[in-house]
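Each remark here refers to the structure printed beneath this line.
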Amino acid sequence: MKDFSEIKEQVKQVLGEVADGVQLSDFWQKYLGKTGVISGLMKEMKTVPPEEKPTFGKAVNDVRIWAQNLYNEKQSEIKEYELKKRYERETLDVTMPALKRPTGNLHPITLITQQMISVFAGMGFEVLEYPEVEDDDHNFTRLNVLKDHPSRDMQDTFWLTEDLLLRTHTSPGQIRTMDAERPPIKVLVPGKVFRSDSDATHSPMFMQMEGLVVDKGINLCDLQGMLDQFVKQMFGDGTKTRLRPSYFPFTEPSVEVDVSCFECGGKGCSLCKGTGWIEVLGGGVVNKKVLENCNIDPEEYSGLAFGIGVERITMLKYGIPNMGMFFANDVDFLKQFKA
Amino acid sequence: MKILFSWLKDYVDIECQPLELVDKLFGAGFEVEETKYLGQDIEKVVVGEVTSIEKYEGTHLYICHVNCGEYGADNVILTGADNVFKGAKVPAAVVGAKLPGGIEIQPRKMADMMSYGMLCSGGELGVTEDWIKGADVHGILMLPSGANVGEDIKKTLDLDDYVFDISITANRPDCQSVLGIAREVAAFLGKPLKEPDYSFTRTDVTKPEISVEIEALDLCPRYLGDYIYEVKHFESPQWMKRRLSVCGFSSIDAIVDITNYVLLEIGQPMHAYDLDTLDGKSILVRRAKDGEKITTLDEKERVLTKDNLLICDKHKGVGLAGIMGGLNSEIEVKTSEILLEAAKFRRDNVRKTSRALGLHTDAAARFEKGVDEYGVECGMNRALNLVEKLGVAKIGNSHFDVSAGEDKGEAKFDVTVDKVNSVLGIDVPKADITRILKSLMFGVEENGETLSVTVPRWRTDVENYQDIAEEVIREYGYDHVIPRFLDSAKVTNGGLSFLQNKELSTKEYFCSQGFYEVRTLAMYSEHELDMLRLPKNAPERNVIKLLNPITDNLSILRTVLAPSMINVIADNIKNDCSAARFFEIANVHIPKALPLTEAPEERKELCLGVYGADETFFTLKEAVEGFAAANGLTFRFERGECSYLHPGICADILCGGVKIGQMGKLRYEIVNDLNIAEGKKSDLSIFIAEINYSAIEGLYKREMKFTADNGKLKAKRDISLICDKKTLCVEIEDVIKSVSAKAADVKLIDSFESEKLGLGKKSLTFTITYADNDDVTDEIADSETDTIASALNDKLGAVRRV
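Chains as they are written, first to last, in this note's numbering: chain A, 1 to 339; chain B, 340 to 1141.
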């Protein structure tokens, strides 16, 4: 009885030398294919005596299965090897820059504007935008800034005609809102405002954000409570507010709102000029004359209003020293505000 | 406004430290912008008595023995000054002393002899002649013979004092004086106010010729005039000169000094006219005539208009009301009779005149903020009191009070405790409200919970319960306010609107495409429009001009953003940034008519600008098309024309059949004009897009609906064409879509030019996707493609390549 040990040795040896897929495929052709060596063994069947034929057939089949198994092992070995080679071949310097073009980003003023909006939006403030070109009536008179009042000088106005002007604050938004809506009112009016002023801390154009709340029973405590929430979210949980008297024709009482210095925690540093407090915004209880000018009965309703300089908040938050940087649009400046 | 600490003390007993007072003023709404200690940097300078003096032979020096009391009875001090004499009282800086300017006194050798200190001049102590007589003399400051030996010189010279520079809000004109601040200080310290002395006595002498008439009562609602005579001219007493000098006034002579002193003390500007110079001894207050001239005290001739208020005599202007007197009626040494003026002039008129003439004076500053009629009376009375007290003149019995009758005396109204507290949101007890109001010199009568309030005549700003609430909280303390988070306001719907969200996501889209957001000023100049080569009749030339621009560069409102973008790019190139992408969304202002009769159209524009080696027309177009696609919009591009864009690289952008903008390559001649180094201009490609963003806002889809695929067969076919080089891609797409309703999508996938194709020819290959309500079979697709091919041939002469 033939034990095919010679063939087996041969298979082992040849397969052992196979190093890649092509050689493996050659091996298959040579030994396991239809015309291969093992199939060839079957041809010897006719020389085998009839009684041995079943044994012979089984023995050949055993060799085929044995060789097939060996082949399968080799095949997965080669696959693994080739995959490994491919990975090696395709290895990149992953530290090389990914994009030819870096991502841009929003202007820091937009970033802070959006941050402020989302704080107030969470409190239920509607965001409204109004024209940049205003008239005397909305910008001054109905806000109780009367013609002969020196407070008109507080804001140097760019005039377009005797009546039309570039709005000097977002406060006309109070009038336009109250003309269109009835209490309860909670609106935020962000926008560009204009004053004929230009130096390190002033620009002829800057961004302001007006807030107005009108409802029954609104008072000074609500103003501080709301602004407390605002400054905590903008400057951190430990931040506190302080009110001190001020003057705006459209609020009475009027206050300046200081926040405890978020740089030093109130101990005094260069940011807060040693006072522990930083002036961030102005506000107050809406002057009853303004409500009356908008046909809202001050006996029934009261309101609070505030105005925030977005550039100032942005300068404080990001440590920007000069107002002019916002409008120079230097890429080296702009690219720093990715958030 | 400058306030001298010691002057305040004339009217209130202030026991707290000056810096504590600064804090309290701040709490009451008066921010002290600067606190200056007059004796700053002066230490161990004392009154010394020169006990002996001898010439140090061979030098220019004198050897003095100086008795400085507890600082040594016999200090040897050398001095070069030659006005020192035995027995003189002088400021002696002893060893260890400090002087302004960082000088420290140490024993030092002068011409081989030790000097233990220094005798000081006025200048070395920072004092002037107005501060102490003799301060300006050459040599050592001679102190009065009664000066106490060994006393700190700061005490002797009254340098132990503070000047506060206080900022006064526009609603408190009554606080523009020492008296005004003293009232506030008295209130918050809970001390009584010691009123200035207003008393004086008139003689029986009258001057019947004098007349005072107000023609323009609207601009001058109150005018007081008083006749004084036998005017003597002498220097004011040192205390008065000192106070004036600290507040920035130089001393002139007693009568003039009194007018300035009253301005500072009471807040009422005063003026003195030499009666001799007044023709007809008359005063007429009227509007100036257009072109009328007056030479003011600063010796400048001013040309006036009818908007300026003029104080006149019978024939001529003698003073610019509320601002500055006329040179022709100036007080001189020979002046013997004077008409003193205290008036109220309309604040906005003074402001306008002062601005128009560029003449800003202390008087104008006070009138602009507003004086009250009580102050007018106080000012005159105080001036006459000082005239009498200093013996400057006799006060005659001719006095005038012309009034428009505006002063209604003390205002009275009722407030309830509840109403006041409703503004504040806290419960200030009635007793505290009453106490606070009384401390501010309000009259208060309690009737249960109602308070009848009488407002002091100088508090013209207080009219209602809200004003009372402010007075109360100012004194009660803002730290009593309890922060509450909108307890009473209803829950409201907040957040950004649909369009606000869209705008933000648009900005974020462009950021993701490598664009930086920029913010440019809303104004520029005609120069920017010229830069764009806009023709004379271009609609963008219809601009709104500012009536009062701060600079010519910022004199018109924008009608197009491109120039601002070009400037941003130029600036960045200058800063050696070789490539960048920028965008801005901002308003342009389009007038409906010029000259402007109504508010202009404010339209949001989206401007894009890119430059750098990797940028082409198509890199920008990719960003623009991506923006449309991201919002479910389709932009159509057609060949366009634009004054600032490359004639061959310029596209109109259309959406919904309407032109919404244009984009293209910036013209070389504009690049050439940019203020950047010549070397950086070659190979510089700048691409600009400007899109009417407001128009796009109207096209955004507000609703979205899912559409199921109809499950029908679709088919794709490629078609290659040889066509004229000038044939536009969009023209071919249009033909395809017009002849085949089934051509759902047409996409250019390849294009090239080659000599083989023939001169002026190019090859284009499109992939057409067919879709329909029924299956698109291969036969249908092929026949559609054939139809398309023949139509392209007919209409555009394009030949199908097989």
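Where is the CB? At the ideal position from N, CA and C, for every residue including glycine.
If you follow the alpha helix (DSSP H) that residue 687/B is in, where does it begin and where does it stop? 686-696
Determine whether the Cβ of residue 1027/B lies closer than 8 Å to any Cβ atom of chain A. no
Taking 7 Å as the line, does the beta carbon of residue 503/B fall inside it for any heavy atom of the ligand ZN? You won't find the ligand ZN in this model; it holds no ligand whatsoever.
Please tell me whether residue 176/A has its Cβ less than 8 Å away from any Cβ of chain B. no
Rounded to whole angstroms, how far is the Cβ of residue 429/B from the Cβ of residue 400/B, which I believe are closer than 8 Å? Actually they are not in contact, since the Cβ atoms of residue 429/B and residue 400/B sit about 15 Å apart, beyond 8 Å.
With a CB to CB cut of under 6 Å and the five nearest residues on each side skipped, what residues in its chain are close to residue 37/A? 31
What does DSSP give as the partner residues of residue 258/A in its beta bridges? 242/A, 279/A
Hey, residue 586/B and residue 106/A are a contact pair by Cβ (cut 8 Å); roughly how many whole angstroms apart? In fact, because the Cβ distance is near 50 Å, the residues do not count as touching under 8 Å.
Buried versus exposed call for residue 1109/B [16 or more other C-beta atoms within 10 Å across all chains shown]: buried
Anything in the stretch 700-712 of chain B with a Cβ closer than 8 Å to a Cβ of chain A? List those residues in chain order, please. 707, 708, 709
Which residues bound the beta strand (DSSP E) around residue 507/B? Residue 507/B -> no beta strand (DSSP E), and no H or E assigned at all.
So what's residue 619/B in DSSP terms, helix, strand or just coil? helix
Taking the DSSP output, what are the residues bridged to residue 535/B? None; residue 535/B has no bridge partner.
Say whether chain A places a C-beta atom closer than 8 Å to the C-beta of residue 805/B. yes
Along the chain, where does the beta strand (DSSP E) containing residue 8/A start, and where does it finish? Element bounds for residue 8/A: not the beta strand (DSSP E) but the alpha helix (DSSP H), 5-17.
Is it the case that the stretch 880-895 of chain B contacts the stretch 911-925 of chain B, given that we only count it when at least three CB pairs across the two stretches are under 8 Å? no
For residue 573/B, which three-state DSSP category applies? coil
Beta-carbon gap between residue 557/B and residue 685/B smaller than 8 Å: yes
If we ignore side chains and look at the alpha-carbon of each, how far apart do residue 274/A and residue 508/B end up? 24 Å
DSSP state of residue 108/A, grouped into three classes? helix
Own chain partners of residue 337/A with C-beta closer than 8 Å, once the 5 adjacent residues on each side are dropped: 105, 106, 107, 108, 111, 318
Chain-ordered residues of the stretch 198-230 of chain A with a beta carbon less than 7 Å from chain B: 198, 204, 205, 213, 215, 216, 217, 218, 219, 220, 221, 222, 224, 225, 226, 228, 229
Determine whether the Cβ of residue 928/B lies closer than 8 Å to any Cβ atom of chain A. yes
Those runs of the beta strand (DSSP E) which lie wholly inside the stretch 809-894 of chain B and span at least 3 residues: 854-856
For residue 15/A, which option in 39/A, 22/A, 71/A has the closest C-alpha, if you only look at C-alpha atoms? 71/A
Which residues of chain A have a Cβ atom closer than 7 Å to the Cβ of residue 860/B, listed in chain order? 204, 205, 327
Would you kindly work out how many angstroms separate the C-alpha atoms of residue 793/B and residue 783/B, rounded to a whole number? 6 Å
Mind checking whether residue 603/B and residue 719/B have CB atoms under 8 Å apart? no
Hey, how far is the Cα of residue 824/B from the Cα of residue 463/B? 59 Å
Bridge partners of residue 149/A, per DSSP? Beta-bridge pairing links residue 149/A to no other residue.
The beta strand (DSSP E) that contains residue 1071/B, what's its start and end? Counting along the chain, residue 1071/B falls outside any beta strand (DSSP E), though it belongs to the alpha helix (DSSP H) covering 1068-1078.
Does chain B have any CB closer than 8 Å to the CB of residue 150/A? yes
In DSSP terms, what residue 1054/B is bridged to: 1109/B
Kindly list, in the order they appear in chain B, the residues whose Cβ is closer than 8 Å to that of residue 159/A. 885, 886, 887
Over what stretch of residues does the beta strand (DSSP E) that includes residue 720/B continue unbroken? Here residue 720/B belongs to no beta strand (DSSP E); instead the alpha helix (DSSP H) covers 712-728.
As an exercise, report each continuous alpha helix (DSSP H) stretch of at least 4 residues that is fully enclosed by the stretch 350-404 of chain B, in chain order. 357-366
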